[in-house]
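These notes concern the structure reproduced below.
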Amino acid sequence: REQIAAVARKHDIAIIENDVLGPLVEGRPPAVAAFAPERTLYVTSFTKITVPGLRIGYLAVPDRYVAAVANRHLVSNWMATPMVAEIATRWVNDGTAMELVNWQRAALRRRQEIAAEMLAGVDYRVHRDGLHLWLELPGDRAEESFVSQARLRGVAIAPGTSFRIADTPWHPAVRISLGSTTEGELRVGLSVVAKLLLGDPEHLLLAI
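Residues 15 to 222 in the working numbering are what the sequence shown spells out, letter by letter.
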C-alpha cells in the first residue's frame, strides 16, 4: 500500500479508496490514505460492518478536492438523515459500533465454518473475515449455465465475470455471499452448490 501511494504521488494521481468492509478485517494494514492523505479520497460506511439499518457512511477528502466533491455531492444525493448520523456518532463514542463489528466478525467466521463443512473437497478461496467466497468452476463448466442451474434450484450466486476488470486470461468462477441469509438457509444453498459442482453438467433446455 505504501508503494501504491508512492506511485500515485510520483505521477500526481488521485486515489479513491473504498474501505466499506475494512473494519471487519482484524489486524488489517493501514489504509492507503495513511500513506498519501493529500491525494486519497477515503470512503467507508457503517451499513455492512454494524447493522444494515444504519445506512450512513462518510468520505474523507483532501483540502484540494473539497469544493469538487461538495458540488458533486449536491448533484448526486441529499443530506444524510440527522437522526441516523447522531446514532452513528454515539455508537462510535460509546463503543457500541466496535461491539457490533466484533459480533459481525464472529458471525462471519461461523458461516465460514459452515462453508468449509458443506463444501468439503471443493477448492475455493475466502478471506478469514470476508463476506464472500470465490469458487473456480472445474473443467469446462460455463459460468452462465452454472449460475442458471443454481437459480432454478432457488440459490442466487454471482458469475465471476461480473467482477472481471480486464481482458486477461480467465478461469470460469462464481462468487457466493455468506452473509445475506440465515445460517440454515446458507447450509441448504451451499449444499445445492456442492451437488451441482460434483454432479454432471446439465445443459439448460430452451423454453418456448
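Glycine is no exception: its CB is placed at the ideal position from the N, C-alpha and C atoms.
These numbers were taken from a predicted model, which means no experiment stands behind them.
Residue 211 sits away from residue 128, with the two beta carbons spaced by 8 Å or more. Closest option to residue 50, judged by alpha-carbon separation, among 36, 106, 180 and 16: 16. Per DSSP, residue 180 is not a residue of any beta strand (DSSP E), being assigned neither H nor E. Bounds of the alpha helix (DSSP H) holding residue 206 are 197 to 212. Contact check for residue 191 against residue 145 passes: the beta carbons are separated by less than 8 Å.
Residue 149 carries a strand assignment under DSSP once its states are collapsed to helix, strand and coil. Checking the DSSP bridge columns, you'll see residue 56 partnered with 31 and 74. Residue 53 and residue 69 have their C-alpha atoms spaced approximately 26 Å apart. Approximately 11 Å separates the beta-carbon atoms of residue 174 and residue 158; this is outside 8 Å, ruling out the contact.
Assigned with DSSP and collapsed to three states, residue 121 falls in helix. Residues of the same chain with a CB within less than 8 Å of the CB of residue 71, apart from the 5 flanking positions on each side, are 34, 57, 58, 59, 60 and 61 in chain order. Rounded to whole angstroms, the gap between the alpha carbons of residue 108 and residue 153 is 52 Å. Distance from the Cα of residue 32 is smallest, within the candidate group 147, 130, 75 and 116, for 75. A distance below 8 Å separates the beta carbons of residue 37 and residue 63.
Here residue 195 has 203 as same chain residues with Cβ atoms under 7 Å from its own Cβ, once five neighbours each way along the sequence are excluded. The three-state secondary structure of residue 37, taken from DSSP, is helix.
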